[in-house]
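Beneath this line is the structure, given in structure tokens, with notes to follow.
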Amino acid sequence: MHIPDGFLDPKVSVGMMSVAGAALAFCFAKVKEVVTALVPAEALATAGQGAGNLSGRLRRVLTPAGEKLIYKMGMVASLIFAAQMFNFPINSGTSGHLIGGVFASVILGPFAGAIVVAIVLTVQMLFFADGGILAIGANIFNMAVIASFGCYYIYYWLKKYLPEWFSVAVAAWASVVLASFACAVELGGGVIIPAMVKVHAVIGIAEALITLALVNIFRTMRKGEE
Amino acid sequence: MKKLFFVAILVAVVAAFFASANPDGLDFVAEQLGFAGRAIERPGLPYTVGVLGVFLTAGIFWGVGRILKLILLLILILVCSSPVFAARPLVTDDYGTVELGKYELEAGFNAVGFLSQIKRGMAPNIDLGLEIPYNTSAVSGLADLVLHGKWRLKDFGEDEGVTVRVDAKLTNGDAARGLGSGFLDYGLIMILSKKLGGLASHFNLGYVVIGDAANSVTDDTFVYGAAVENYFQNGIGLGAEIVGICCQIRTTANLQLCARYQASDSIRFDAGYSMALTDNSSNIATGGLTCAF
Numbered sequence: 078m079h080i081p082d083g084f085l086d087p088k089v090s091v092g093m094m095s096v097a098g099a100a101l102a103f104c105f106a107k108v109k110e111v112v113t114a115l116v117p118a119e120a121l122a123t124a125g126q127g128a129g130n131l132s133g134r135l136r137r138v139l140t141p142a143g144e145k146l147i148y149k150m151g152m153v154a155s156l157i158f159a160a161q162m163f164n165f166p167i168n169s170g171t172s173g174h175l176i177g178g179v180f181a182s183v184i185l186g187p188f189a190g191a192i193v194v195a196i197v198l199t200v201q202m203l204f205f206a207d208g209g210i211l212a213i214g215a216n217i218f219n220m221a222v223i224a225s226f227g228c229y230y231i232y233y234w235l236k237k238y239l240p241e242w243f244s245v246a247v248a249a250w251a252s253v254v255l256a257s258f259a260c261a262v263e264l265g266g267g268v269i270i271p272a273m274v275k276v277h278a279v280i281g282i283a284e285a286l287i288t289l290a291l292v293n294i295f296r297t298m299r300k301g302e303e
Numbered sequence: 616m617k618k619l620f621f622v623a624i625l626v627a628v629v630a631a632f633f634a635s636a637n638p639d640g641l642d643f644v645a646e647q648l649g650f651a652g653r654a655i656e657r658p659g660l661p662y663t664v665g666v667l668g669v670f671l672t673a674g675i676f677w678g679v680g681r682i683l684k685l686i687l688l689l690i691l692i693l694v695c696s697s698p699v700f701a702a703r704p705l706v707t708d709d710y711g712t713v714e715l716g717k718y719e720l721e722a723g724f725n726a727v728g729f730l731s732q733i734k735r736g737m738a739p740n741i742d743l744g745l746e747i748p749y750n751t752s753a754v755s756g757l758a759d760l761v762l763h764g765k766w767r768l769k770d771f772g773e774d775e776g777v778t779v780r781v782d783a784k785l786t787n788g789d790a791a792r793g794l795g796s797g798f799l800d801y802g803l804i805m806i807l808s809k810k811l812g813g814l815a816s817h818f819n820l821g822y823v824v825i826g827d828a829a830n831s832v833t834d835d836t837f838v839y840g841a842a843v844e845n846y847f848q849n850g851i852g853l854g855a856e857i858v859g860i861c862c863q864i865r866t867t868a869n870l871q872l873c874a875r876y877q878a879s880d881s882i883r884f885d886a887g888y889s890m891a892l893t894d895n896s897s898n899i900a901t902g903g904l905t906c907a908f
């Protein structure tokens, strides 16, 4: 679903860049709050760090739990990058690959999840020529903001009424369909919308299965180490 | 947690062989509805080296330096290092500027021709440079000159800081004979130097506006570079870098390994070999010297 350069109207490209940029900035701020803590400068000075600071001032420092979360984000990002390379064939001559948005947000929460997917997309765009440079805003919006951040709330809401595994599967399926819908609208709408949604409704089933498997693998591996 | 990273590497290696040749959902729809031809294809790294991507994505979170260090530990043995400069033959620039009133001359050659550069310190934190490329391969003659202006914005400590560089490529080369592009290009490059685990590391990211107005949207280019280097007590230094460009019509990447020998305070010899990571760039060997006066 990586939109290459040339598909999008330049106005849409620029607009999507600003929307995606704003959404990511919001997610960054949220994650920063989680991984850091405000500590008085005196406490740091007595601990041998940050000596020479004005007293009474608060400083932001990375907490041990925050560092752990960042490592975890790196893990999830590399796993999604690797898993996205698997192109599985779908009937009628097309193929699909994992987006991983729901996997990221179920494991890491919506804010960190969106950042992880955005980083994966940026690496693919810069080094692997997958997805256009001007289209990066649209791609981040579809796969990070909608599929990861947005669909986390589908999972979150469904989880209240349905078994967890089922909520993950439905959210993963919905993430592909909604992202393809957004993608079709950005490309100009019209006949593209039914065509895109139809193909991706099938690809979404594979996304749901792979996401379930990945979430299970991740959780069992975590348990084994704790 | 580390186990998962190895799972990712394994998946990447396996996936490289099992990627389906069928177009993906979007390409499929684009073909059906007849707008597939509008896509601007640019070559990039093939997914057969997808493992590199796994390292890159994890590296962004782990701190790029730790990953680079891991790879380079195979090449470098950490010894107490002396001051370092990302000069020839590395393409990646360092944050340092030439001392006020002093000159630095770099001269080197490769398969394309000779390349020399002279820099002068104009202020305590500003230097100006002129790059003079002279081609000797298919066509010989003076190619387009490049002017550099470097302004050191901030020092974090010894061998660490941030610099901004402005480049302008002139149009003196004979475009008809392939010695120049005929366009005035200008670029802005941010340079960050930082010590990561005892290794001097330099990161460059810039944007170059290509003077060709007709194709400016597709030609304007991001340039990137990341280098690590280390000097040993006997004056021998080793370094490695990944450099490339990324624009709408192509993505390139090269890995260069280099060795340098600091013969005296003012003269340094170097040799490097640059390997193409993408099929639209090429392998190239280079040698040269740098002198300060």
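Protein chains in written order, with our numbering: chain A, 78 to 303; chain B, 616 to 908.
Cβ coordinates follow ideal geometry from the N, Cα and C atoms, glycine included.
With DSSP collapsed to three states, give me the class of residue i.
| i | result |
| --- | --- |
| D86 of chain A | coil |
| P698 of chain B | Because P698 of chain B carries a pLDDT of 42, less than 50, the predicted location of this residue cannot be relied on, and no value is offered for it. |
| L131 of chain A | Note that L131 of chain A scores 48 on pLDDT, short of 50, meaning its location in the model is unreliable and no value can be drawn from it. |
| D642 of chain B | helix |
| R703 of chain B | coil |
| I313 of chain A | This structure cannot speak to residue 313 of chain A, because chain A is shown only from 78 to 303. |
| I157 of chain A | helix |
| G902 of chain B | strand |
| K300 of chain A | helix |
| K149 of chain A | helix |
| H79 of chain A | coil |
| A907 of chain B | strand |
| L691 of chain B | For L691 of chain B, the predicted structure reports a pLDDT of 44, less than 50, and the residue's modelled location is therefore unreliable. A value from the coordinates is still provided. Three-state DSSP puts L691 of chain B in coil, outside helix and strand. |
| D880 of chain B | coil |
| H817 of chain B | strand |
| G772 of chain B | strand |
| A673 of chain B | helix |
| L660 of chain B | coil |
| G680 of chain B | Its pLDDT being 47, under 50, G680 of chain B is placed unreliably in this model, and the value from its coordinates should be taken loosely. Three-state result, G680 of chain B: helix. |
| G173 of chain A | strand |
| Y230 of chain A | helix |
| F650 of chain B | coil |
| G756 of chain B | strand |
Are residue i and residue j touching if we call contact CB-CB under 8 Å?
| i | j | result |
| --- | --- | --- |
| A673 of chain B | F163 of chain A | no |
| V193 of chain A | V153 of chain A | yes |
| G190 of chain A | A181 of chain A | yes |
| K728 of chain B | D759 of chain B | Correcting the residue type first, residue 728 of chain B is Gly in the shown sequence and not Lys. No. |
| L641 of chain B | I80 of chain A | yes |
| G887 of chain B | T867 of chain B | no |
| G668 of chain B | F205 of chain A | yes |
| V781 of chain B | L803 of chain B | yes |
| A292 of chain A | V245 of chain A | The sequence as given places Val at residue 292 of chain A; Ala does not occur at that position. Contact: yes. |
| L870 of chain B | D885 of chain B | no |
| A842 of chain B | A855 of chain B | yes |
Per DSSP, what are the beta-bridge partners of residue i in this structure?
| i | result |
| --- | --- |
| E746 of chain B | B:Q732, B:V761 |
| T778 of chain B | B:R767, B:I806 |
| T199 of chain A | Answer is none; T199 of chain A lacks a bridge partner. |
| C862 of chain B | B:T836, B:R865 |
| Q871 of chain B | B:E856, B:S889 |
| K784 of chain B | B:V761, B:D800 |
| Y718 of chain B | B:R735 |
| P811 of chain B | In the sequence on display, residue 811 of chain B carries Leu and not Pro. Answer is B:L814. |
| G795 of chain B | DSSP, once it has assigned bridges, lists no residue as partnering G795 of chain B. |
| F724 of chain B | B:F729, B:G902 |
Run through chain B and tell me which residues come within less than 7 Å of residue i, C-beta to C-beta.
| i | result |
| --- | --- |
| T288 of chain A | What T288 of chain A touches in chain B: nothing, since even the nearest Cβ is about 14 Å away. |
| A191 of chain A | What A191 of chain A touches in chain B: nothing, since even the nearest Cβ is about 14 Å away. |
| F205 of chain A | G659, L660, Y662, G668 |
| C75 of chain A | Any answer about residue 75 of chain A is impossible in this case: the structure gives chain A only from 78 up to 303. |
Select from the options the residue whose C-alpha is nearest the C-alpha of residue i.
| i | options | result |
| --- | --- | --- |
| T751 of chain B | B:G772, B:F724, B:Q732, B:L760 | B:F724 |
| Y839 of chain B | B:I825, B:R875, B:D708, B:S896 | B:D708 |
| G821 of chain B | B:D827, B:V858, B:I675 | B:V858 |
| A102 of chain A | A:A285, A:G214, A:A246 | A:G214 |
| M220 of chain A | A:Y230, A:A256, A:R137, A:L85 | A:A256 |
| S225 of chain A | A:T140, A:R299, A:A99, A:G186 | A:G186 |
| G764 of chain B | B:F650, B:G772, B:G736 | B:G736 |
Cβ closer than 7 Å: which chain A residues qualify as neighbours of residue i?
| i | result |
| --- | --- |
| K618 of chain B | M298 |
| A627 of chain B | A159, M162 |
Interface residues of chain A around residue i at Cβ under 8 Å?
| i | result |
| --- | --- |
| I655 of chain B | P81, D82, G83, G209 |
| Q732 of chain B | Those within 8 Å of Q732 of chain B in chain A number zero; the least Cβ separation is about 28 Å. |
| I675 of chain B | G151, A154, I196, V200 |
| G840 of chain B | Those do not exist, as G840 of chain B stays about 13 Å from chain A at its closest Cβ, beyond 8 Å. |
So residue i contacts chain B; which residues on that side make the cut at Cβ distance below 9 Å?
| i | result |
| --- | --- |
| M78 of chain A | D639, G640, L641 |
Who are the neighbours of residue i on chain A, taking C-beta pairs under 9 Å?
| i | result |
| --- | --- |
| W766 of chain B | Correct list: empty, because the minimum Cβ distance to chain A is about 26 Å. |
| V706 of chain B | Residues of chain A passing the Cβ test: none, with the nearest at roughly 17 Å. |
Could you list which residues in chain B have their beta carbon closer than 8 Å to that of residue i, in chain order?
| i | result |
| --- | --- |
| I269 of chain A | V644, L648 |
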